[in-house]
Structure formats: structure tokens, C-alpha cells
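Below you'll find the structure, written out as C-alpha cells, and then a few comments.
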Amino acid sequence: RSSLSAAPVPRTRPAFSGRPSACMAPLSPVARSASPSCADITDTLLFVDVDGVLNVGIRDGARPPLLLDKQSIDSALGLFEARAWHPERDSIERLVSVLRRDVGQGEDVGTTFEQFACTTSRQFSEVLIGRFAEMLRAAGWAPRENSADAGAVGGRATAVLSSTWRAPQHRIRLKGLEEGISKHLGAEFTFDDKTQSKEDHTAEGRLSSIKLYLREFCEKRRLDPESNSRPLRVLVLDDFYNRPLNGITLMGQRLRSPECIEKYLTESLPRTLDVQVKMLHTFMEWTSPSGLSLQVGSGISQDHFLSGVSFIETGVDVGLASDCTLSNPIKIVEEPLPAILCKAQVPAAIDEKGKSVCKILASPWPALSALYAT
Numbered sequence: 221r222s223s224l225s226a227a228p229v230p231r232t233r234p235a236f237s238g239r240p241s242a243c244m245a246p247l248s249p250v251a252r253s254a255s256p257s258c259a260d261i262t263d264t265l266l267f268v269d270v271d272g273v274l275n276v277g278i279r280d281g282a283r284p285p286l287l288l289d290k291q292s293i294d295s296a297l298g299l300f301e302a303r304a305w306h307p308e309r310d311s312i313e314r315l316v317s318v319l320r321r322d323v324g325q326g327e328d329v330g331t332t333f334e335q336f337a338c339t340t341s342r343q344f345s346e347v348l349i350g351r352f353a354e355m356l357r358a359a360g361w362a363p364r365e366n367s368a369d370a371g372a373v374g375g376r377a378t379a380v381l382s383s384t385w386r387a388p389q390h391r392i393r394l395k396g397l398e399e400g401i402s403k404h405l406g407a408e409f410t411f412d413d414k415t416q417s418k419e420d421h422t423a424e425g426r427l428s429s430i431k432l433y434l435r436e437f438c439e440k441r442r443l444d445p446e447s448n449s450r451p452l453r454v455l456v457l458d459d460f461y462n463r464p465l466n467g468i469t470l471m472g473q474r475l476r477s478p479e480c481i482e483k484y485l486t487e488s489l490p491r492t493l494d495v496q497v498k499m500l501h502t503f504m505e506w507t508s509p510s511g512l513s514l515q516v517g518s519g520i521s522q523d524h525f526l527s528g529v530s531f532i533e534t535g536v537d538v539g540l541a542s543d544c545t546l547s548n549p550i551k552i553v554e555e556p557l558p559a560i561l562c563k564a565q566v567p568a569a570i571d572e573k574g575k576s577v578c579k580i581l582a583s584p585w586p587a588l589s590a591l592y593a594t
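Just so you know, the sequence shown maps onto residues 221 to 594 in this note's numbering.
Here you go:
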């Protein structure tokens with residue numbers, strides 16, 4: 221949804237909020253091998269969603285998802301104490317709950333989702349796009365005019381946008397995202413391709429689009445003997461519209477885990493192709509102190525980052541330390557907030573009979589309006 225407070229203040233690139241810097245050092249493709257054999261060269265195909273992957277998105281009932289950004293945070297905190305009288309009470313509670321939640325998933329102790337908040341109006345997190353840029357480096361991504369040189373060293377990498385940001389109405393927002401990734405890469409970046417534009421805005425629709433693209437991509441590789449001789453590693457980064465992986469059904473199959481999705485994406489590919497698929501589901505869910513269900517597109521955590529880079533570089537998955545990304549994520553129940561924050565502080569008035577009554581402020585409440593593209 222769209223922010224509602226004053227104009228955002230631009231900020232320079234922040235430090236990564238995960239493990240010590242050694243874990244986040246640039247992963248230059250030239251560091252792999254000076255003269256690899258053909259068998260050592262691997263191509264990489266990356267499918268990336270934006271909302272819930274390169275930012276933090278919060279499912280808000282039947283309304284559009286909420287975006288964790290500075291403007292919404294300021295508004296929610298300003299309204300929190302008197303939220304009981306606000307028409308968007310649940311939205312306020314969800315934002316504050318996510319803001320204060322420890323991320324876990326390999327992050328430093330005490331790292332909350334506030335570290336992943338968008339700090340400008342461009343609706344992406346500098347920390348999260350920085351991590352995605354490092355994944356691109358690990359894969360040996362290079363601009364198309366330099367792709368032949370990249371392939372000679374570490375294989376060809378193709379970045380495919382699978383987000384609804386690929387729609388024409390989001391072209392300005394997409395340009396800003398590509399500019400942000402370019403700054404982290406130190407080279408001009410644009411997505412190499414996009415999945416089909418017509419897609420149901422459901423997890424099933426997203427998966428069907430990815431599967432169709434992958435099948436067509438592999439068919440083209442079969443016609444090129446050089447490409448066909450190289451292994452292909454496919455990394456999928458998606459939160460599937462802030463949804464857990466326990467309610468997805470495609471072609472009669474119940475896809476309850478990342479492993480089920482990986483199998484679904486590869487089952488129609490020719491068996492002669494050497495293709496590995498890794499699915500990283502950037503999603504968490506828990507229950508707030510008041511009983512609200514929180515379903516969050518949680519962004520690329522440190523665990524996701526390390527798992528993805530390991531898969532890109534070696535084909536081996538180091539695994540995720542947290543169960544929050546599995547098919548049945550842990551239901552985390554928050555500790556109650558301090559009492560002073562749980563009581564709405566509103567002016568009281570005295571009625572004609574001298575009884576204290578609650579007074580709703582005459583001025584209109586600022587609303588948390590729609591923020592976010594998907």
C-alpha cells in the first residue's frame with residue numbers, strides 16, 4: 221500500500237544486518253577458477269519476486285498487503301496507543317508486531333524486521349537488494365553485452381523477474397529497483413527477462429508461470445549444443461503472495477514444501493537435461509498478543525542468502541536453520557507488549573450527568589492507505 225507521511229529521506233547504502241561482514245563479502249565470479257573445464261561451467265537461472273523478497277510485505281486480511289516502510293512505521297507507531305478507536309486497528313497492530321519481531325533465520329541476535337524496512341519511496345529494502353546483488357555475483361551475472369566473457373569463467377547467469385512489478389504500470393518502480401541493484405553490483409543491471417504477463421495473482425498462477433518459462437528456456441537450450449552441455453541450476457525466490465506452502469494445489473498435486481515445488485518444476489523437463497532447482501520461500505507466520513494472525517513475506521534472510529549462494533556455487537544446499545520457511549511454519553506466539561502500550565490513551569470528557577466517557581477526536585484519523593504493488 222502507499223505511504224502516508226512526509227516525503228522520504230534518501231539514505232546511503234546501509235551495512236548488511238546479518239552475520240559478520242566475512243559472510244557478506246562480494247562473491248566475485250572470477251574467484252572460482254582461472255581456467256575451468258567444460259564440466260566445471262554451470263549456468264544459473266534466477267527467478268525473483270519483489271514484494272516479500274526484496275521488501276517485507278504483511279498480509280492484511282482482505283485488504284492489499286502492507287509494506288514495511290519508514291512512512292508506515294511512523295504512522296503506525298503514532299497511532300498505536302490509541303489504536304482501539306482506529307478503523308484500521310488490525311493493520312496498525314500488524315505493522316508494529318512485524319516491526320518489533322526478531323528475524324531469526326541466521327541473523328544476529330536482536331536483529332528485528334525494522335532493519336529490512338524500506339527507507340525511500342521506491343518500495344525496496346537496501347539490505348535485501350544488496351543480498352540479491354551478491355547472489356547475482358555468485359552466479360557470475362554480467363550485462364548481456366558481456367555475457368560471453370562471464371560464461372567463459374563461471375557460466376551464464378540469467379535473472380528473470382517473476383513479480384507483478386513486470387506489469388507496464390510498474391515500469392517506473394521497476395526502473396528504480398534496477399538502478400538500486402546496479403549500485404550494489406557496481407555495474408548497470410537490468411533483468412534479462414520476465415515471466416508471462418498474464419498470470420492469476422495466486423501462488424498457483426505464479427508457479428504455473430515459472431514452470432512454463434523454465435520449460436521453454438530448457439527447450440531453447442536443447443537447440444544450442446554448447447548450452448545443452450552445461451548443467452543448469454535454477455533458484456526461485458518467492459513468498460507466493462504472503463502464503464504458506466500448505467494450500468497450493470496444481471494438476472491434482474498438493475505442494476506442501478519447497479521440495480514438492482522443486483519436483484513440480486522439473487517433472488516435465490527432459491530427463492537428459494542436467495537441471496537442479498532450489499526453492500527459497502521467504503515467508504514467516506506467527507500470532508500477535510491480541511490473537512491476530514501474521515503472515516509475512518519476510519525477505520531474503522541470512523539463512524536464505526547462505527543457502528542460495530551455496531546452491532549457486534556448488535549445487536549443494538547448506539539447509540536452513542529455521543523451520544519458518546518450511547511447509548508448516550512455526551506458529552510463534554509473541555510475548556505481550558508492555559502494559560503502557562496495550563492501553564489506548566484517549567482524551568476523556570464528562571457528560572451532562574458527570575460520568576466519564578470516551579471522547580473520539582473530532583479531527584479525522586490518518587489512514588493507513590494502500591502501499592504496495594501486489
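Yeah, the Cβ is synthetic: ideal placement off N, Cα and C, and Gly gets one too.
Alpha-carbon spacing of residue i relative to residue j, whole angstroms
i    : j    : result
G528 : E301 : 40 Å
L465 : A337 : 24 Å
E346 : P509 : 30 Å
I293 : Q496 : 40 Å
S311 : Y461 : 17 Å
R463 : R435 : 25 Å
T492 : F267 : 22 Å
A304 : K395 : 40 Å
S449 : D280 : 47 Å
P284 : D444 : 44 Å
R441 : I349 : 29 Å
L286 : G511 : 18 Å
V329 : E487 : 40 Å
E446 : E334 : 46 Å
P363 : L405 : 11 Å
L455 : T332 : 26 Å
K403 : E505 : 32 Å
L475 : Y484 : 8 Å
T264 : A387 : 24 Å
R320 : Q343 : 20 Å
Q618 : W385 : Given that the chain is displayed from residue 221 to residue 594, the structure contains no residue 618 and the question cannot be resolved.
A377 : P307 : 47 Å
E354 : L457 : 14 Å
Distance between beta carbons of residue j and residue i, contact taken as under 8 Å
i    : j    : result
R314 : L514 : 6 Å
D420 : G272 : The pair is not a contact, with the Cβ atoms about 17 Å apart (cut-off 8 Å).
F352 : I401 : 7 Å
V318 : V380 : Incorrect: roughly 28 Å between the Cβ atoms, too far for contact.
G519 : T502 : 6 Å
K414 : T339 : Wrong, their Cβ atoms sit about 27 Å apart, outside the cutoff.
V270 : A296 : Not a contact, Cβ separation roughly 22 Å.
Proximity test, Cβ basis, 8 Å: residue i and chain D
i    : result
M355 : Although the question refers to chain D, the structure presented lacks it and comprises just one protein chain.
Nearest to residue i (by Cα), restricted to the options the options
i    : options                   : result
I468 : I532, S428, R441 and M504 : S428
E408 : E398, S417 and K414       : E398
L452 : Q335, S295, P284 and G535 : G535
A423 : I532, A377, G517 and L443 : G517
Q522 : V323, E419, P284 and R426 : V323
P478 : L500, A282 and S449       : L500
E382 : D444, P284, I430 and D328 : Note on residue identity: the sequence assigns Ser, not Glu, to residue 382. Considering only alpha carbons, the answer is I430.
F411 : R442, L356 and K418       : L356
F525 : D263, I261 and L274       : L274
S341 : A377, P388 and L288       : L288
L489 : H306, E439, G360 and W361 : E439
A358 : I278, T262, T384 and L299 : T262
For residue i, the three-state DSSP class (helix, strand or coil)
i    : result
L493 : coil
R283 : strand
D294 : helix
E505 : strand
G277 : strand
V456 : strand
M471 : coil
E572 : Note that E572 scores a pLDDT of 40, beneath 50, so its modelled location is shaky; the value from the coordinates is reported in the next line. Looking at E572 - three-state DSSP - the assignment turns out to be coil, as it is neither helix nor strand.
D328 : coil
D310 : helix
V270 : coil
V380 : strand
L356 : helix
L265 : strand
L299 : helix
L288 : coil
L319 : helix
L348 : helix
L500 : strand
E487 : coil
Exercise. Can you list the alpha helix (DSSP H) stretches of 4 or more residues lying completely in the segment 510-539, in chain order?
Worked result: 522-534
Exercise. For the segment 396-431, which segments carrying the alpha helix (DSSP H) assignment without a break, of at least 4 residues, lie completely within its bounds, in sequence order?
Worked result: none
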